[in-house]
Every structure is written in structure tokens, then in C-alpha cells.
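Undergrad: Encoded as C-alpha cells, here's the structure I'll be asking about.
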Amino acid sequence: MTNWKEIDQYAKSWVREAGERIRASFATSLSIQTKSNPNDLVTNMDKETEQFFISKIKEMYPEHRILGEEGFGHDVKDTEGIIWIIDPIDGTMNFVHQQRNFAISIGIYENGTGMVGLIYDVVHDELYHAKKGEGAYMDETPLQKLDRREVSESIIGINATWVTENRRIDPAVLAPLVRSARGTRSYGSAALEFAYVASGRLDCYITMRLAPWDFAAGLILLEEVGGKATTMDGEPINTIGKNSILAARDGLHQEILETYLKKS
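First residue of the sequence shown? That's 1135 in this note's numbering, and the numbers climb one at a time after it.
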């Protein structure tokens, strides 16, 4: 029988320890490299933080698998067993340029079901966390169930990329939604934007392409507060693959899907 309380406690302690290490790095010089393009940055702290988590997990739970952004974990091709899905620093560009608006994100899944989700805003020392069936929290404060809200009353998390010329979606599809909403925001960290939807700081988050480590923890948080996340086509999210994302309060999710996206 898996002891999820123990796993949750260990994960929280490791996340906070990793956060202390990242904050300490602010006084040092970073080694910065690019990955897929000049704007896709990775630092020595991304790599060291992922390796820190892997060493802890392997020591305590050698039978668990690890899917990490920086590639130090396992080659995960299926959802069987217990999988830790880790983004050591989600929002690396913000980390490099601003030293804020980034997070550690860990989602722990069992046979494809999200069991523990942790999103740690390192600079603000805010830990958003959830364990399946036990609600979601920001530190010790319970997050309230999300109520219904219409587009005209909503703040939408969306990057301007998706309403300008791009390779993934006709910008004319999302422009009417942006015009109809009360306002838009973009924070540059998918994990934080998921946490903000779960906590009511945002009402919706939309993006055309995310990897599992970007959304794994956020899906668990959102489910615990009654929100809904699908692809932009309204399909279930593949938790170990890349997806477009529509994450929102339940009624708002339906309105956006039916009013703004189905005609696309």
C-alpha cells in the first residue's frame, strides 16, 4: 500500500530545500545556455535542482520513475506505476532576467492519476499544494472551490504570441475572446498560471503547447478546486505528452470552448 502522506511530506520538504538553494544562487553568477532556440534558456540551477530531486527520490523510492524537463530522469513512454513529473525551474527566462515569477513544479502520478501536486513560488515563499481528494492549499490556507464566471467578468492568462502571427493557431480565433474578457495577463510561468487559476487570481489559462512538467502539478491543484482542464479541442490531456491547454473555472471553460473555439 502506497503511503501517500509520507510521499507528500518528503516532496514538500525537498521542494522547500530546493527553494533555499535557488534563493542562495541569486548572489552568484549563473551559467546560461540555450536549448531549442535563443529564448529557450537553461541554467546550471535548472540542472542542479533537477539532479537534487532525482537523488532524493532515488534514495527513498528507487522503484518510482522520474520525468524531468532537463532530461536527467527516465525515458517515460507510458503511465504505469508512480511517476514524478518535475520542472526544477518553470519560468527560466523570468529567473534569469527578473529573479521572480518562476516556480518549482512537481506532479506525482500513479497509473496516470494525479495524486500529489506541488507548485512553489520560490521568491514569494508560497507553496500551492494538493493531495488527491483532500483539497488544495496555498501554504496552510485552503483554496476555495471555484464558482462560475462569465468571460466578460474574467481575467484570462494568455501570452500575446497566440493573438499575433504564429505557427500554431490563427490569431483571429482567440482575438474575440481577448476583446470580450475583462482583462488579460501573462506571467511567463505555466505552473504559476495554473496555480493562479486554482487560487482564483486568474480565471482561465490558455496556451497552445505545454510539456508534462509544465502542467502536471497544476492539473492536480485545479481538479481539487472544481476547475477543468482540457486541450483546446476539448479533449483529455495526455499527461506524459505535449498538449494545448484550456484551464479554467468549469462554467467558463464550457463557455470559451463552445463560444470561441468550436467554430475554429
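We put the CB at the ideal spot given by N, CA and C, even for glycine. Every value quoted in this text rests on a predicted model; they were computed, and no experiment measured them.
1. Let me know the beta strand (DSSP E) ranges lying completely inside the stretch 1327 to 1370, each 3 residues or longer, listed in chain order.
2. When burial is assigned at 16 or more other CB atoms within 10 Å of the CB, is residue 1313 buried or exposed?
3. Determine contact between the stretch 1344 to 1351 and the stretch 1299 to 1310, defined as no fewer than three beta-carbon pairs at a distance below 8 angstroms.
4. So for residue 1264, helix, strand or coil by DSSP?
5. Between the Cα of residue 1293 and those of 1319, 1192, 1299 and 1272, spot the shortest distance and give me the residue it belongs to.
6. Over the uninterrupted beta strand (DSSP E) stretch that includes residue 1377, give me the two end residues.
7. For residue 1157, is the classification buried or exposed, using 16 other Cβ atoms within 10 angstroms of its Cβ as the cut-off for buried?
8. Using 8 angstroms as the Cβ pair cut-off and three pairs as the minimum, do the stretch 1203 to 1211 and the stretch 1175 to 1189 touch?
9. So if DSSP puts residue 1239 in a beta bridge, which residue, or which two residues, is it bridged to?
10. Counting pairs of Cβ atoms below 8 angstroms between the stretch 1364 to 1372 and the stretch 1263 to 1271, do you hit three or more?
11. How is the alpha helix (DSSP H) around residue 1152 delimited, first residue to last?
12. Helix, strand or coil for residue 1188, going by three-state DSSP, please let me know.
13. What is the rounded straight-line gap between the Cα of residue 1231 and the Cα of residue 1289?
14. Taking the alpha-carbon positions, what's the residue 1264 to residue 1250 distance?
15. According to DSSP, what are the bridge partners of residue 1104?
16. Rounded to the nearest angstrom, how far is the Cβ of residue 1282 from that of residue 1215, given a contact under 8 angstroms?
17. Which residue comes first and which comes last in the beta strand (DSSP E) that contains residue 1227?
18. Can you list, in chain order, the residues of its chain whose CB lies under 6 angstroms from that of residue 1242, leaving out five sequence neighbours each side?
TA: Per the coordinate set shown:
1. 1338 to 1344 and 1361 to 1364
2. exposed
3. no
4. strand
5. 1319
6. 1377 to 1383
7. exposed
8. yes
9. 1221 and 1253
10. no
11. 1138 to 1159
12. helix
13. 25 angstroms
14. 6 angstroms
15. With the chain represented from 1135 up to 1398, any question about residue 1104 goes unanswered, as that position is not in the structure.
16. That belief does not hold up - the Cβ atoms of residue 1282 and residue 1215 are roughly 37 angstroms apart, past 8 angstroms.
17. Residue 1227 -> not in any beta strand (DSSP E); alpha helix (DSSP H) instead, spanning 1226 to 1231.
18. 1218, 1249 and 1250
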